[in-house]
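Chemist: Protein sequence lines correspond, in order, to chains A and B. Convert by adding 773 to the 1-based position in the first sequence; the result is the number in the numbering used here. Convert by adding 47 to the 1-based position in the second sequence; the result is the number in the numbering used here. Below: one structure in structure tokens.
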Amino acid sequence: MPIMSYIQAITLALREEMLRDDKVFILGEDVGKKGGVFRATDGLYDEFGEYRVLDTPLAESAIAGVGIGAAMYGMRPVAEMQFADFILPAVNQIISEAAKTRYRSNNDWSVPITIRAPYGGGVHGALYHSQSVEAIFANQPGLKIVMPSGPYDAKGLLKAAIRDNDPVLFFEHKRAYRLLKEEVPDDDYVLPIGKADIKREGTDITVITYGLCVHFALQAAEKLAEEGISTHILDLRTVYPLDKESIIKAASKTGKVLLITEDNLEGSIIGEVAAIIAENCLFDLDAPIMRLAGPDVPAMPYAPTMEKYFMVNPDKCEKAMRELAEF
Amino acid sequence: MANRHTKLGLSDQEVLDIYKSMLLARKVDERMWLLNRSGKIPFTISCQGQEAAQVGASFALNKEKDYVAPYYRDLGIVLSFGMTVRDIMLFAFAKAEDPNSGGRQMPGHFGQKKNRIITGSSPVTTQVPHAVGFALAAKMEKKDFVSFVTLGEGSSNQGDFHEGLNFAGVHKLPVITMVENNQYAISVPLHKQIASKNVSVRSVSYGMEGITVDGNDPLAVYEAVRDARARAIAGEGGTLIEAVSYRFTAHSSDDDDNYREKEEIEQAKKQDAIVLFANYLREEKILTVELEKKMTAEINSIVNEATDYAEEAPYSMPEDTLKYVYED
Ligand SMILES: Cc1ncc(C[n+]2csc(CCOP(=O)(O)OP(=O)(O)O)c2C)c(N)n1
Ligand SMILES: [Mg+2]
């Protein structure tokens, strides 16, 4: 099985889906000739041509809105937002249109669009190239939000997103693009959207997280294992709508739960995860639910000192996990 | 001497059909106000004053192939594209059988896939990029249809107008945009909405044809849309059409219309397209007294039957609220 980086897995998923279904096409800024600013669409323009890998004008609401129109017609657009931070001009199209089309038309119309966007910090991207934006969309029924933690998941989930008949926001951690490598099958597999995944079995504490933080938590768990602390790690994979059943099961398993996100704490995805646990697991809990997240400041600063202060990292995870284990 | 419509290639029967569609839209609209004022429906929003533009345009499109992305005043378009008066009434009464939304949306938010009427929302102008997306699909799939999208002149100030039309211009997509300039955006008059001399000059920015036409003249609008469609199908890209008329009613049933002079409305009604076009057809001896009587009686009975049917029809079950968030 080939070893692949996160970004290579993304490119492969796109390519496989474009070969499988000629209704699948990519649109976004610099996705064509250049192959994307992160090179996610590398080589696809040469292979599939200008209209399957379309360089659009610099206008996010049009990228989303034109994609939505094409999707309503019956195409399978994969729209790229160059950075998740710049999805904001397209929010009206995503929330008022894509999310509500099926519902408002009583199931007559649907919008099978995938919107990909690189999110996350730790890359010296400062305020506007580092944000986590999933919480903005995570109370919009009609949308699905997928955030893969590694290359294997990225490929299988992106293929599932493209085949999904509803709009899917697909957030890829930009630091994971080249940092994470693992074996990725080059055959045609898809992973289920809406299902969380156990990334590590353990008995003392449970960590529930998603995206790059899964990687940090796994690293911390390795270290803690040496001290005899056994960590159970649940990767949400889909952060909206949440896989309640898996969350309840994972929380109940150890009775000690740490929730981690790279986003600012208040109003983030993990607040909802905490509510699900509080509602369902009261008598299984042996410690208060603990949360590790970014601070509640508008976004991540540029200077390395402040960026580091903001970002979740393996050390911060380890500290929080040990604290919880010792409770 | 050939008359105006034969010069355009329209038969006597076709212009009669245009008139009948305009009249039908007007009569359905008038009924909505009666139903609203008698407390039977909570809301209505009108096409009155814009029927000629809507119907003239529809008759220039291919009703078997083209996609339309209408806005809330486009009763004349959706009726021309196959939505029935019964469908419209079911919508007004918010009944389960409403094909637009199953009683979920306010009236005017049209959509019906089988007739290629693209579902719409309330935030204005979001439909423009959608229509461009349909046109992009036409180009990619090498299909010979166009998309046709409408909006008000106030709505042409939204970013989606610029983003959508620029996209269409860059890729020479077969989309026809018709701004129905009725002089007001709720209370704000045209001169406080746009600084350019009209809406259609904006087409220059998008590298597409732009034309301002008399929206009270269904034949002028027909001609503009027909030519735009021919260009679009020939691969020459989109057109921005501005159809100028006047909004005869308040903005909606919730608006008290206290910001303009009665005289201004009376003056505008002298150009009522329903009256002017009927006169034209009478002069051409196409619309006879007999025909007119028959037409009116037919429309009345359609509207009455549809109203009765919709009033009697059941609402959705309360738990239907939960349906169709995602694919089942
Ligand atoms: C984005 C957005 N802002 C405000 C409104 C409220 N609103 C509904 S219609 C309207 C005026 C629209 O005027 P115009 O585009 O000229 O269309 P008309 O109603 O005159 O046909 C406004 C402000 C809205 N629906 N959407
Ligand atoms: Mg107006």
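For every residue, glycine included, the Cβ atom is placed at its ideal position computed from N, Cα and C.
Report the neighbours of Q1141 (chain A) on chain B: residues whose CB is nearer than 8 Å to its CB, in chain order.
Modeler: Any property of residue 1141 (chain A) remains undetermined from this structure, which presents chain A solely from 774 to 1100.
Chemist: Pull up the DSSP beta-bridge partners for K917 (chain A), would you.
Modeler: The sequence position of residue 917 (chain A) within the first sequence is 144, counting from 1. A:V941, per the DSSP bridge assignment.
Chemist: Any Cβ of chain B within less than 8 Å of the Cβ of V839 (chain A)?
Modeler: Sequence index remark: in the first sequence, residue 839 (chain A) carries index 66 (1-based). True, the Cβ-Cβ gap to chain B drops below 8 Å.
Chemist: Counting only beta-carbon atoms, is M848 (chain A) nearer than 8 Å to chain C?
Modeler: Structure shown: chain C not included; protein chains present are A and B.
Chemist: Whose Cβ in chain B lies nearer than 7 Å to the Cβ of K873 (chain A)?
Modeler: Within the first sequence, numbered from 1, the residue matching residue 873 (chain A) stands at position 100. Under the 7 Å cutoff, chain B gives S168.
Chemist: Any idea if R944 (chain A) is buried or exposed, counting beta-carbon neighbours within 10 angstroms, 16 or more meaning buried?
Modeler: Position 171 of the first sequence, counting from 1, holds the residue named residue 944 (chain A). Note that residue 944 (chain A) corresponds to Phe in the displayed sequence, not to Arg. With 16 or more other Cβ atoms within 10 Å, it is buried.
Chemist: Does the Cβ-Cβ distance between G167 (chain B) and V222 (chain B) come in under 8 Å?
Modeler: Counted from its first residue, the second sequence places residue 167 (chain B) at position 120. Counted from its first residue, the second sequence places residue 222 (chain B) at position 175. No.
Chemist: How about L1065 (chain A) and A1093 (chain A): do their beta carbons lie closer than 8 Å?
Modeler: Sequence index remark: in the first sequence, residue 1065 (chain A) carries index 292 (1-based). Sequence index remark: in the first sequence, residue 1093 (chain A) carries index 320 (1-based). Yes, these two residues count as a Cβ contact at 8 Å.
Chemist: Would F181 (chain B) pass as an interface residue toward chain A - the criterion being a Cβ-Cβ separation below 8 Å?
Modeler: As a first step, residue 181 (chain B) must be located in the second sequence, where it is residue number 134. It does; some Cβ of chain A falls within 8 Å.
Chemist: Measuring straight from C-alpha to C-alpha, what distance separates N865 (chain A) and E999 (chain A)?
Modeler: Numbered from its first residue, the first sequence carries residue 865 (chain A) at position 92. Numbered from its first residue, the first sequence carries residue 999 (chain A) at position 226. Cα to Cα, the separation comes out at about 49 Å.
Chemist: Just the C-alpha distance for K160 (chain B) and V797 (chain A), rounded to the nearest angstrom, thanks.
Modeler: Residue mapping note: residue 160 (chain B) aligns to position 113 of the second sequence, counting from 1. Residue mapping note: residue 797 (chain A) aligns to position 24 of the first sequence, counting from 1. In a straight line, the C-alpha of K160 (chain B) is about 21 Å away from that of V797 (chain A).
Chemist: Just the chain A side, please: which residues come within less than 9 Å of I223 (chain B) by C-beta, in chain order?
Modeler: One-based indexing of the second sequence puts residue 223 (chain B) at position 176. Correct list: empty, because the minimum Cβ distance to chain A is about 14 Å.
Chemist: Can you pull the chain A residues whose beta carbon is under 8 Å from the beta carbon of F389 (chain B), in chain order?
Modeler: Not covered by the structure: residue 389 (chain B). The range shown for chain B is 48 to 375.
Chemist: Using a Cβ cut-off of 9 Å, which residues of the stretch 144-170 of chain B contact any Cβ in chain A, in chain order?
Modeler: Flagged, chain order: D145, P146, N147, S148, G149, G150, R151, Q152, H156, G158, Q159, K160, K161, I165, T166, G167, S168, S169 and P170.
Chemist: Does the Cβ of P933 (chain A) lie closer than 7 Å to at least one heavy atom of ligand 2?
Modeler: Residue 933 (chain A) sits at position 160 when you count from the first residue of the first sequence. It is Ala, not Pro, that sits at residue 933 (chain A) in the sequence shown. False, no ligand heavy atom lies under 7 Å from that Cβ.
Chemist: Would you say the beta carbon of G201 (chain B) comes nearer than 7 Å to a heavy atom of ligand 2?
Modeler: Locating residue 201 (chain B) in the second sequence gives position 154, where the first residue counts as 1. Under cutoff, so the answer is yes.
Chemist: Got a sec: does ligand 1 put a non-hydrogen atom nearer than 7 Å to the Cβ of L198 (chain B)?
Modeler: The count along the second sequence starts at 1 and reaches residue 198 (chain B) at position 151. Because some heavy atom of ligand 1 lies under 7 Å away, the Cβ of L198 (chain B) counts as near it: yes.
Chemist: Flag V115 (chain B) as yes when its Cβ comes closer than 7 Å to any non-hydrogen atom of ligand 1, and as no otherwise.
Modeler: Taking the first residue of the second sequence as position 1, residue 115 (chain B) is located at position 68. Because no heavy atom of ligand 1 lies under 7 Å away, the Cβ of V115 (chain B) does not count as near it: no.
Chemist: Could you check how far apart the C-beta atoms of V75 (chain B) and V350 (chain B) are, in whole angstroms? I think they sit under 8 Å.
Modeler: In the second sequence, counting from the first residue as 1, residue 75 (chain B) sits at position 28. In the second sequence, counting from the first residue as 1, residue 350 (chain B) sits at position 303. Between V350 (chain B) and V75 (chain B) the Cβ distance is about 6 Å, and since that is below 8 Å, they are a contact.
Chemist: Count the other C-beta atoms from every protein chain shown that fall within 10 angstroms of the C-beta of P154 (chain B), then say buried if there are 16 or more, exposed otherwise.
Modeler: Counting from one through the second sequence, the residue named residue 154 (chain B) turns up at place 107. Its Cβ being crowded by 16 or more others within 10 Å, P154 (chain B) is buried.
Chemist: Given that a residue counts as buried once 16 or more other Cβ atoms are within 10 Å of its Cβ, and exposed if not, what is Q781 (chain A)?
Modeler: For the purposes of this step, residue 781 (chain A) is identified with residue 8 of the first sequence, where counting begins at 1. The residue in question, Q781 (chain A), is buried, as its Cβ has 16 or more Cβ neighbours within 10 Å.
Chemist: Pick from A:P965, A:R936 and A:Y925: whose alpha carbon is nearest that of R955 (chain A)?
Modeler: By one-based count along the first sequence, residue 955 (chain A) stands at place 182. Before going on, a small fix: residue 955 (chain A) reads as Glu here, not Arg. The residue with the shortest Cα to Cα distance from E955 (chain A) is A:Y925.
Chemist: What are the start and end residues of the alpha helix (DSSP H) that includes L1097 (chain A)?
Modeler: As a first step, residue 1097 (chain A) must be located in the first sequence, where it is residue number 324. L1097 (chain A) -> alpha helix (DSSP H) spans P1087 to E1099.
Chemist: Considering only residues of the same chain and omitting the five flanking positions on each side of Y1075 (chain A), which have a CB-CB separation below 7 Å?
Modeler: Reading the first sequence from its first residue, position 302 is the one you call residue 1075 (chain A). Within the same chain, Y1075 (chain A) has close Cβ partners H897 and A899.
Chemist: List the residues of chain B whose Cβ lies closer than 7 Å to the Cβ of P914 (chain A), in chain order.
Modeler: Taking the first sequence and counting its residues from 1, one reaches residue 914 (chain A) at position 141. Neighbours of P914 (chain A) on chain B, chain order: V372.
Chemist: Using a Cβ-Cβ cut-off of 6 Å (strictly less than) and excluding sequence neighbours within five positions of A72 (chain B), which residues of its own chain qualify?
Modeler: The residue labelled residue 72 (chain B) in the question sits at position 25 within the second sequence. Result list for A72 (chain B): C94, E98, L122, G123 and L126, in chain order.
Chemist: Using the three-state DSSP reduction, which class does M1084 (chain A) fall into: helix, strand or coil?
Modeler: As a position in the first sequence, residue 1084 (chain A) is number 311, starting the count at 1. Note: M1084 (chain A) maps to coil in three-state DSSP.
Chemist: Which residues in chain B have a C-beta closer than 9 Å to the C-beta of D939 (chain A)? List them in chain order.
Modeler: Numbered from its first residue, the first sequence carries residue 939 (chain A) at position 166. The contacting residues are V372, Y373 and E374.
Chemist: Give the residues of chain A in contact with G211 (chain B), contact being defined as C-beta atoms less than 8 Å apart.
Modeler: Start at 1 with the first residue of the second sequence, and residue 211 (chain B) comes out as number 164. By Cβ distance, chain A contributes A835, G838 and V839.
Chemist: Short check: CB of D937 (chain A) to CB of K917 (chain A), under 8 Å?
Modeler: In the first sequence, the residue the question calls residue 937 (chain A) occupies position 164. In the first sequence, the residue the question calls residue 917 (chain A) occupies position 144. Yes.
Chemist: Give a single yes or no on whether A100 (chain B) has its beta carbon closer than 7 Å to a heavy atom of ligand 2.
Modeler: On the second sequence, position 53 is the one that residue 100 (chain B) refers to. No - ligand 2 has no heavy atom lying nearer than 7 Å to the Cβ of A100 (chain B).
Chemist: For M187 (chain B) and chain A, any beta-carbon pair shorter than 8 Å?
Modeler: If you number the second sequence from 1, residue 187 (chain B) lands on position 140. Yes, because at least one Cβ of chain A sits closer than 8 Å to the Cβ of M187 (chain B).
Chemist: Using only the alpha-carbon positions, how far apart do L1009 (chain A) and T982 (chain A) sit?
Modeler: Residue mapping note: residue 1009 (chain A) aligns to position 236 of the first sequence, counting from 1. Residue mapping note: residue 982 (chain A) aligns to position 209 of the first sequence, counting from 1. Each residue's alpha carbon lies about 6 Å from the other.
Chemist: Have a look at A:E789, A:S1025 and A:G1001 and flag the residue whose alpha-carbon is nearest the alpha-carbon of L931 (chain A).
Modeler: Here residue 931 (chain A) is taken as the residue at index 158 of the first sequence, counted from 1. Residue A:E789 is the option with its Cα nearest to L931 (chain A).
Chemist: Does DSSP put K806 (chain A) in a helix, a strand or coil?
Modeler: By one-based count along the first sequence, residue 806 (chain A) stands at place 33. Looking at K806 (chain A) - three-state DSSP - the assignment turns out to be coil, as it is neither helix nor strand.
Chemist: Sort out for me which residues DSSP pairs I258 (chain B) with in a bridge.
Modeler: Position 211 of the second sequence, counted from the start, is the residue given in the question as residue 258 (chain B). B:I288.
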